[in-house]
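Those letters in the sequence shown? Residues 199 to 538, by the working numbering.
For glycine and all other residues, C-beta sits at the position ideal for the given N, C-alpha and C.
Owing to the predicted nature of the structure, the values given are computational and were not obtained by experimental measurement.
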Amino acid sequence: MLPLILFAAQTLTLPPELLPPETVVAPPAPVFVFFLPPPPTPLPLLDPPAPADAPPVLPEEIRAVLTAAVDSGDPAAVAAVVRFAKTTNPETAGQIDRINEAYLARVAARKAREARERRDELLLAGPLDFWKGEVELGASRSTGNTDALGVYVAARANRDGIDWRHKLTARLDYQRTNGVTSTERGIVSYSPNYKIDDQLYTFGLGQYERDRFLGYTTRLTAGGGLGYSVFREGPIKLDLEGGPAFRQTDYVDQPSESGLAARASMAMTWRITPKVNLTQNAAFYLEPDNRSANASTALDTTILGSLKARFSYNVQYERAAPTRNRSVDTLSRATLVYGF
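Here it is, written out as structure tokens:
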């Protein structure tokens, strides 16, 4: 800062006594002149340096990818992006975890809200409401050296309530070859389940079967036991069941018999893609003088809306089948399925 300099300027004059009276004038007033320093040159604005112990910042491009995954609403995509981000940026793992935890909290809150709304709807619903199921239809026809006609019809329905789950199944498989019936198989079953918790449940079973070519005209099964849902969330769902059953069988060429049996079953669904599903259902019965089992594997592909194409393979085993018949019967089919 330059010092402020003050000058007092005066005009040189003669003493008044030496001037004529008419020439005497008053001295001029002093004049003050101020010299101000020039304004300082402004310095450029600079960000203060970050402290040496400041935490690392999550890169904007990684934050953008995380935000896009969260906005997609796909849990698998969010989990994959979180793993990638933590692998490539381990120093910001804490920030990534906080973003993921906030997303999971929102998902949990949404599911809880939907569960409350679903429960309220079920409390007000009637016994015929909220049933879901499908109808399956297939047929085959051949002429020429072999004249054959085959028809396959199946229907499934289930209702998932607050405490109870109901399952209904019906299936008919019929075929005639050269005027002679070569396949005649039917089954109807009903299974109510009571939920103990989210995974454990008890079940009952009532079932009617008919298959003359495996040796019986009528088979009645009544049973129950415990079931456990191994997987209920995600692309794979798996239920395992086991318990006792009482069976009465009317054979074609043998006396009828009845008795207790041990039963075990599984039901698996794998959602491979949004339009492709793989299902596997199987049941095994162990009796004192007989063993029987059935298994079905099916691959579903969505065609349009609720219409699907199904390719399935079924195996039926009967140890006590008549000697003139085979113990194992298999059937492959392609059918159309409509869901409701």
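With respect to the C-alpha of Arg281, the residue from Ser270, Leu321, Ile260, Asp269 having the closest C-alpha is Ile260. By the C-beta criterion, the region 521–535 is judged to be in contact with the region 494–508, since at least 3 inter-stretch pairs fall below 8 Å.
Two segments are said to touch when three or more pairs of C-beta atoms, one from each, lie closer than 8 Å; by this definition the region 467–480 does not touch the region 443–456. The C-alpha of Tyr406 is placed about 26 Å away from the C-alpha of Ser338. Excluding its 5 nearest sequence neighbours in each direction, Asn475 has C-beta neighbours in its own chain below 6 Å: Arg469, Asp498, listed in chain order. Residue pairing by DSSP leaves Gln293 without any beta bridge partner.
One Cα belongs to Thr286, the other to Pro254, and the distance between them is close to 13 Å. Exclusion of the five residues before and after Ala462 leaves Gly440, Phe482 as the residues of its chain whose Cβ lies within less than 6 Å of its Cβ. For Tyr372, the closest C-alpha among the options Ser427, Thr381, Leu366, Lys365 is that of Thr381.
Considering only Phe401, Thr400, Gly402, Arg417, the residue with the shortest C-alpha distance to Arg408 is Arg417. Non-local beta-carbon contacts of Asn376 in its own chain, meaning distances under 6 Å to residues more than five positions away in sequence, involve Asp345 in chain order. Cα atoms of Gln452 and Gly421: separation of roughly 24 Å, rounded to the nearest angstrom.
Setting aside the 5 residues that flank it on each side, Leu438 is surrounded in the same chain by Gly425, Tyr426, Val428, Met464, each with a C-beta closer than 7 Å to its C-beta; the list follows chain order.
By the CB criterion at 8 Å, Leu347 and Arg369 fall outside the cutoff. For Ile360, there is no enclosing beta strand (DSSP E), since its DSSP letter is neither H nor E.
Across the set Asp272, Ala267, Arg531, Gln514, the C-alpha of Asp272 shows the shortest separation from the C-alpha of Pro433. With contacts defined by Cβ atoms closer than 8 Å, Glu455 and Ser490 do not form a contacting pair.
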